[in-house]
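To start, the structure under review is shown below, and the notes come after it.
Numbering (the numbering used here), first residue to last: 7 to 353.
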């Protein structure tokens with residue numbers, strides 16, 4: 007537990023994860039029974055908590071608030087271990103189809119990682135760690151009998167989860183066709199690779215202490231940036247497959263909403279909509295788009311007696327003769343026909 011002194015490397019991902027969690031909260035409230043939604047929300051919550059707690063100020067603040075030197079160690083490592091278990095469970099949730107076998111696998115993951123968290127607290131309570139160490143706890147207490155097991159537990163839990171998750175993703179990626187999911191898996195693999203560098207650096211530094219050598223710089227300087235990259239990329243990897251399709255649909259709906267505005271305005275001339283209820287300015291975009299389409303549909307129904315099939319056919323033929331493709335020609339013919347009908351309605 008030896009992070010850089012600057013809080014910025016921790017604050018930026020913590021804020022981004024908190025923002026993602028805030029955006030996910032309405033979905034969680036609406037669909038909390040969905041295992042994917044629950045798993046994603048828990049993962050984001052744990053990731054944000056890790057970044058908030060692991061900063062130097064956070065570590066010292068936890069120790070000071072409780073009055074127990076180094077109590078931040080089991081707290082931070084418990085959050086990190088729970089985050090690792092959550093990541094592994096999330097990969098299984100995505101990879102496997104819903105089944106009793108998948109449910110049993112996820113339960114086993116949580117049982118194992120819950121047991122590790124309990125063991126972390128037991129080993130800490132049995133350890134003799136009177137001096138607060140904000141930056142170099144892992145190496146400073148590497149030879150303390152119970153603290154040695156405490157450190158090994160969290161590092162092994164982190165490494166095993168990274169290796170297992172990376173293997174599951176590696177054997178699954180070739181079967182993935184969804185572009186957003188594949189992009190998320192790339193971020194996950196990169197994150198787990200950085201995580202393994204973190205683990206190797208930590209293990210090497212701790213092992214050096216056991217042999218009487220001093221390679222603390224591996225733990226205090228080399229490892230922390232890789233830990234930040236690991237958690238950040240893994241968090242992004244789990245966010246992208248869900249945020250990507252949402253943003254894609256939102257962009258598509260926003261474009262459609264603006265493109266349909268002139269047609270809706272033009273059709274108001276033929277009478278009020280059968281659905282006069284107004285939605286608020288802050289209503290969801292999909293609801294506002296649905297209402298706009300409903301108003302256009304109602305307007306076209308009232309305009310139907312004035313729609314001239316001959317006008318449509320001539321417009322279509324002219325558009326095709328001008329070199330437009332089928333879809334564009336249909337759009338031009340429809341627009342010309344509606345405009346002609348609106349002109350007829352005003353006369």
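All C-beta atoms in this analysis are idealised placements derived from N, C-alpha and C, irrespective of residue type, glycine included.
query	result
Residue ranges of each alpha helix (DSSP H) within the segment 185-270, 4 or longer	185-216, 229-265
Cα-Cα separation, residue 118 to residue 211	27 angstroms
Residue interval of the alpha helix (DSSP H) (run including residue 97)	78-101
Segment contact flag, the segment 167-182 with the segment 190-199, C-beta cutoff 8 angstroms, min 3 pairs	yes
DSSP three-state assignment for residue 54, whether helix, strand or coil	helix
Sequence-distant residues of its chain with Cβ nearer than 6 angstroms to residue 139 (five each side left out)	146
Contact set for residue 16: own chain, Cβ-Cβ below 8 angstroms, skip 5 residues either direction	9, 57, 58, 60, 61, 64, 234
Residue 352 to residue 275 span [Cα, whole Å]	8 angstroms
Contact check, residue 95 vs residue 45, beta carbons under 8 angstroms	yes
DSSP-derived helix/strand/coil call for residue 61	coil
Residue from 350, 349, 316 whose Cα sits closest to the Cα of residue 339	316
Limits of the alpha helix (DSSP H) - the one that residue 5 falls within	Here the chain covers residues 7 to 353 and nothing more, so residue 5 does not appear.
Inter-residue CB distance, residue 19 and residue 213 (contact presumed, cutoff 8 angstroms)	That belief does not hold up - the Cβ atoms of residue 19 and residue 213 are roughly 29 angstroms apart, past 8 angstroms.
Cβ shell of residue 51 (< 8 angstroms), same chain only, five flanking positions each side left out	27
Status (buried if at least 16 other CB within 10 Å, exposed otherwise) for residue 7	Since pLDDT at residue 7 reaches only 45, below the 50 mark, its modelled position is unreliable, and no value is offered.
Residue 289 classed as buried or exposed, judged by whether at least 16 other C-beta atoms fall within 10 angstroms	exposed
Beta-carbon contacts of residue 269 that lie in its chain and below 6 angstroms, excluding the five residues immediately before and after	302
Reduced DSSP category for residue 353 - H, G, I as helix; E, B as strand; rest coil	coil
Beta-carbon proximity check, residue 165 vs residue 224, cutoff 8 angstroms	no
Inter-stretch contact (C-beta, 8 angstroms, three-pair minimum) for the segment 78-92 and the segment 103-123	yes
Under the three-state DSSP convention, the category residue 289 falls into	coil
Range of the contiguous alpha helix (DSSP H) that encloses residue 322	315-327
C-alpha distance - residue 125 paired with residue 83, whole-angstrom precision	11 angstroms
For residue 274, the three-state DSSP class (helix, strand or coil)	helix
Nearest residue (CA-CA) to residue 227, options 142, 350, 217	142
Rounded distance between the beta-carbons of residue 325 and residue 334, thought under 8 angstroms	7 angstroms
Minimum C-alpha distance to residue 300 - residue among 322, 313, 267	267
Buried or exposed by the 16-neighbour rule on C-beta atoms within 10 Å, applied to residue 173	exposed
Between the CA atoms of residue 23 and residue 291 - distance to the nearest angstrom	24 angstroms
CB contact flag (residue 171, residue 97, <8 angstroms)	yes
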